[in-house]
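The sequence shown begins at 1 in full-length UniProt numbering and counts up one residue at a time.
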Amino acid sequence: MKEIELRLALVFYGGVSLAIYMHGVSREILNLVRASSVRLDRKSNGSAQEVPDQELPPVQSAYKDLLDLLSSVADIRVVVDAIAGASAGGVNGIMLARAITHDLPLDSHSEMWLENADVTRLARPQAGLSRYLKISISPVLDQLISTRLTKQIESAETREKLRLFMQARWFTPPFSGERFISWMLDACQKMEDGAVPGRSLIPRGQTLDLFVTITDYNGIKRRIHLDDPDYVEEWDHRRILSFHAAHRMPGHIESQFDADSIPEIVFAARATSSFPGAFPPATVAEMERVLVDHDLTWHNRDAFLARGLNLTSETAGQHCFVDGSVVMNKPFAPVIDVIQDRPAVREVARRLIYVDPSPVVPVETDSTVSELPGFFRVILASLAHIPRNEPIGDDLKELEQNNRRSRWLSQLIDDAGPMVEKAVAGILPKRRRVTPDILSLCRKQATVAAFEQAGFAFLNYQSLKLHSLAERLAGLTARLSGLDSARGQEEALLGLYSRHTSRLTAESKDILGRTDPHVVALLRGLDVDYRIRRLRFAVRKLNGFYHYRPGSDLPPPNFEALDQMKGLLYEQIDHLGWRWNDRFFGGRSRELAETFVRAAEAGGPDAAEHVQPMLKSLTQMMGLADLDRLQDELFAETARNLLDKSRHTSLMGTYIGFGFFDLITFPVLQRNDFSEVTEILVDRISPTDAASLYTEGFDLKGKSLNTFGAFFNRGWREHDYLWGRLNAADRLVSIVLSAAGEGTLPQIQVNQARARIFLAVLEEERGKLSDIPEEIDRVDKLVRSIYPDFAHVTESV
């Protein structure tokens with residue numbers, strides 16, 4: 001059966017107490033991902049040993065039933081590629097990424113939000129004269145609250161907590177950062193209870209990236225080179241912390257979300273949610289104090305400070321961090337960048353989903369002149385409201401431009417296909433069996449033919465390839481050196497590598513440099529990216545084999561064989577990509593890189609002498625010739641055993657003729673992301689988008705009191721958490737159905753699936769959400785009234 005990978009990139013906005021709504025959303029995303037993983041292939045996604053069947057919780061079971069209904073068309077595997085979050089959204093992004101990476105529950109975080117996200121628990125302890133001064137004005141506060149807020153806030157619990165909150169210390173943040181860190185540490189450690197080592201919801205061969213925005217209050221000085229003056233300096237306050245996990249082989253997860261990484265991900269959560277005025281700024285010293293109190297060791301402290309914050313142990317004390325929403329409340333850019341270069345093992349449907357608990361409601365305006373805002377309104381808007389509501393149009397416009405480019409490139413490749421097939425057909429032997437050696441020879445002949453036919457257009461192509469390679473080598477050399485100053489020397493290293501490649505082409509006897517042995521040897525030994533593009537282009541060809549029209553001359557495709565072949569190709573892509581990781585290289589390469597960087601930093605003509613030894617060492621370590629032979633065997637032998645003759649010949653032709661296509665596409669893209677040529681569609685999760693259960697006048701409780709509302713009332717937190725789950729369930733069903741194709745299921749079955757999932761959510765939370773039994777009963781009746789014909793289906797839930 002054909003499989004479709006529904007690849008998700010998630011963006012969580014900031015929103016103070018609306019974090020609780022977003023936590024409900026993240027729980028549903030985890031439920032869907034886990035139901036998909038358990039249903040299709042738990043063994044390959046988790047540990048190396050067989051995992052016994054287990055009964056799924058009600059909601060995951062309901063999602064599984066929906067995916068089972070769709071299986072007549074396609075088995076859908078839901079995969080999360082990347083997550084980005086700011087402020088409250090950053091905290092939830094961190095939780096979800098850790099849960100997905102190691103197949104962990106989020107129950108402990110639900111408890112944390114519902115129990116501890118309360119002003120009476122978040123508040124810093126008061127003592128001394130200030131406490132008595134505040135108590136002395138309680139009658140005034142009581143009168144203010146009773147006269148001004150009674151109509152807005154009917155809850156006695158909320159009014160009482162608001163009165164206590166207003167008695168907090170003057171001119172100091174009322175909330176305790178150390179308490180928040182303690183709760184996050186406890187919740188992350190509780191996730192480990194019952195965890196199975198090596199288990200993951202990241203498919204084998206895939207990765208997960210997390211991006212969290214924070215604001216460096218002190219900033220870091222950056223130098224920008226100009227013509228006149230030579231440079232200017234500016235302060236950079238924006239930080240985007242990144243965390244990564246890779247499932248390279250069964251039972252082995254390379255993770256920055258594991259138990260040893262808890263301190264740094266908790267620090268990221270504390271820093272990104274350090275709302276100005278509510279929490280004191282986050283510091284490394286504060287984090288270390290709490291870790292000492294919990295008797296925990298920060299194993300990765302120095303590496304995290306260097307990697308994530310560009311700080312050392314000496315400079316860490318000079319910086320403090322505040323809410324990520326100050327500089328970037330809607331972090332689309334990081335996930336857009338990463339998902340465009342993310343592979344899929346099967347046919348793919350890509351979605352960028354952003355979670356906006358409080359979308360802007362358009363307000364109609366009349367033609368009258370609006371009143372000018374007052375002094376304090378302008379200041380507050382410029383400091384808080386406007387930065388937190390920057391438009392997302394630019395990011396989404398860029399994404400749409402990429403989608404248009406994908407469609408255009410797809411058409412371009414399809415149009416060039418017949419001409420390339422004709423050229424390759426003249427190179428492939430007609431009656432001889434194609435061995436790996438013959439395939440290798442044909443591949444080289446086709447590449448030479450492509451370059452010869454390109455004429456002067458080859459100059460631009462070759463120049464771009466060499467410059468791209470020089471950039472890669474400069475970055476790799478800087479990382480290999482291990483020097484703190486290396487990042488600042490990348491431009492100097494790039495210049496040295498570029499001058500070396502320019503000298504090679506200038507000295508070439510071939511005026512276009514197509515067959516110069518020195519240039520060819522350089523690219524054969526180090527051009528990893530060309531090989532990655534070639535394999536991904538072959539994957540694109542394989543994706544086309546999944547589509548089958550009855551009556552075709554070809555036999556029906558063997559989906560299992562296609563999946564196996566794609567998996568083997570992506571293993572090779574992973575091996576190639578590993579060559580750009582500094583951990584791939586040994587001590588000799590590191591020594592040469594350190595010497596090279598120091599020479600570049602010192603300047604002078606002697607620095608160029610280090611280029612050739614560095615290139616020789618990297619070429620020997622990369623061993624690309626061995627990978628080329630292995631890949632030739634995959635296309636010549638393995639593919640023959642997996643595919644029918646026609647598809648095998650077509651795949652070999654794509655592999656052999658890639659040079660023709662690369663001449664067309666690489667100068668346009670100048671990157672490695674064209675292989676899938678897949679559009680990325682955008683979806684939103686918010687209360688207004690989840691229309692199935694929407695009733696007039698509905699709103700989240702956390703939106704009140706300038707989005708602090710849920711911190712003042714347990715029932716409000718339960719309400720928003722429950723509706724986060726329900727809204728997410730509604731939207732995720734729609735997204736899954738759109739990935740499968742419009743009209744895949746009859747509406748009667750769609751309604752049945754929605755009803756079952758909604759009622760399963762209510763059943764899971766009934767009894768746990770003790771403050772809102774009336775709301776649960778109301779929603780239960782609402783579901784049964786909207787879907788009356790399917791109420792009987794839920795009796796077994």
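We put the CB at the ideal spot given by N, CA and C, even for glycine. Just so you know, these numbers come straight off a predicted model, no measurement behind them.
Next on the checklist: With H, G and I counted as helix, E and B as strand and the rest as coil, what does DSSP make of residue 352?
Outcome noted: DSSP, read as helix, strand or coil, puts residue 352 in strand.
Item to check | C-alpha gap between residue 204 and residue 531, whole angstroms | outcome: 21 Å
Item to check | Continuous alpha helix (DSSP H) assignments of at least 4 residues falling wholly in the stretch 697-739 | outcome: 704-707
Item to check | Beta-carbon proximity list for residue 299, same chain, < 7 Å, skipping 5 on both sides | outcome: Cβ neighbours of residue 299 beyond the five flanking positions: 260.
Checklist entry - What are the start and end residues of each continuous alpha helix (DSSP H) run of 4 or more residues lying completely inside the stretch 272-304, in chain order? => result 284-293
Checklist entry - According to DSSP, what are the bridge partners of residue 5? => result 77, 348
Next on the checklist: Please state whether the Cβ-Cβ distance between residue 189 and residue 79 is less than 8 Å.
Outcome noted: Not closer than 8 Å, so no.
Checklist entry - Do residue 323 and residue 272 have their C-beta atoms within less than 8 Å of each other? => result Yes, the pair counts as a contact, with Cβ atoms nearer than the cut-off.
Checklist entry - Given residue 633, which residues of its chain have a CB within under 8 Å of its CB, disregarding the five upstream and five downstream residues? => result Only 436 meet the Cβ criterion.
Next on the checklist: I'd like to know if residue 594 contacts chain D, where contact means its C-beta is closer than 8 Å to some C-beta of that chain.
Outcome noted: Given the protein chain composition of this structure (a single chain), no chain D is represented.
Next on the checklist: Mapping the DSSP letters down to three states, classify residue 609 as helix, strand or coil.
Outcome noted: helix
Item to check | DSSP-derived helix/strand/coil call for residue 235 | outcome: If DSSP states are grouped into helix, strand and coil, residue 235 belongs with the strands.
Item to check | Whole-angstrom C-beta distance between residue 582 and residue 312, which should lie under 8 Å | outcome: Between residue 312 and residue 582 a beta carbon distance of about 19 Å is seen, past the 8 Å cut, so the two are scored as non-contacting.
Next on the checklist: Just to confirm before moving on: does the CB-CB distance between residue 61 and residue 123 stay below 8 Å?
Outcome noted: No, Cβ-Cβ distance for residue 61 and residue 123 is not below 8 Å.
Next on the checklist: Suppose you measure from the CA of residue 20 to the CA of residue 119; what does that come to, to the nearest Å?
Outcome noted: 14 Å
Item to check | Meets three-Cβ-pair contact criterion under 8 Å: the stretch 560-568 and the stretch 461-476 | outcome: no
Checklist entry - Name the DSSP beta bridge partners of residue 221, please? => result 235
Checklist entry - Who are the near neighbours of residue 158 in its chain, counting only those whose CB is closer than 6 Å to its CB and skipping five residues on each side? => result Around residue 158: 712, 713.
Checklist entry - Does the distance from the CB of residue 573 to the CB of residue 349 come in under 8 Å? => result no
Item to check | Spatial neighbours of residue 771 in its chain, beta-carbon cut-off 6 Å, leaving aside the 5 residues before and after | outcome: 714, 715, 718
Checklist entry - Under the three-state reduction of DSSP, which class applies to residue 788: helix, strand or coil? => result Residue state, collapsed to three classes: helix.
Checklist entry - What number of angstroms, rounded off, separates the C-alpha of residue 6 from the C-alpha of residue 109? => result Rounded to whole angstroms, the gap between the alpha carbons of residue 6 and residue 109 is 26 Å.
Checklist entry - Per DSSP, what kind of secondary structure is residue 247 in: helix, strand or coil? => result Assigned with DSSP and collapsed to three states, residue 247 falls in strand.
Next on the checklist: Quick check: residue 474 and residue 17, are their CB atoms within less than 8 Å of each other?
Outcome noted: Not closer than 8 Å, so no.
Checklist entry - Hey, residue 406 and residue 111: beta-carbon distance below 8 Å or not? => result no
Checklist entry - Taking the alpha carbon of residue 199 as the point to measure from, which residue in 179, 247, 211, 644 has its own alpha carbon closest? => result 247
Item to check | Cβ distance (whole Å) where residue 597 is taken to contact residue 478 below 8 Å | outcome: 6 Å
Checklist entry - With distances taken between CB atoms, is the gap from residue 663 to residue 541 smaller than 8 Å? => result no
Checklist entry - Roughly how many angstroms separate the alpha carbons of residue 655 and residue 538, rounded to a whole number? => result Going from the Cα of residue 655 to the Cα of residue 538 covers about 6 Å.
Next on the checklist: Quick check on the burial criterion: 16 or more other C-beta atoms within 10 angstroms. Buried or exposed for residue 408?
Outcome noted: exposed
Next on the checklist: I'd like to confirm the pairing. Which residues does DSSP put opposite residue 155 in its beta bridges?
Outcome noted: Looking at the DSSP assignment, residue 155 forms no beta bridge with any residue, so it has no partner.
Next on the checklist: According to DSSP, simplified to helix, strand and coil, what is residue 213?
Outcome noted: strand
Next on the checklist: Going by DSSP, what residue range makes up the beta strand (DSSP E) through residue 193?
Outcome noted: Run containing residue 193: none; DSSP gives neither H nor E here.
Checklist entry - Who pairs with residue 241 in a beta bridge, going by DSSP? => result 212
Next on the checklist: So, under 8 Å CB-CB, residue 481 and residue 594 are touching, yes? Tell me the CB distance rounded to an integer number of Å.
Outcome noted: 4 Å
Next on the checklist: Quick test of your reading: residue 321 and residue 214, contact by CB under 8 Å. State the CB separation rounded to the nearest angstrom.
Outcome noted: Indeed, because the Cβ distance is near 5 Å, the residues count as touching under 8 Å.
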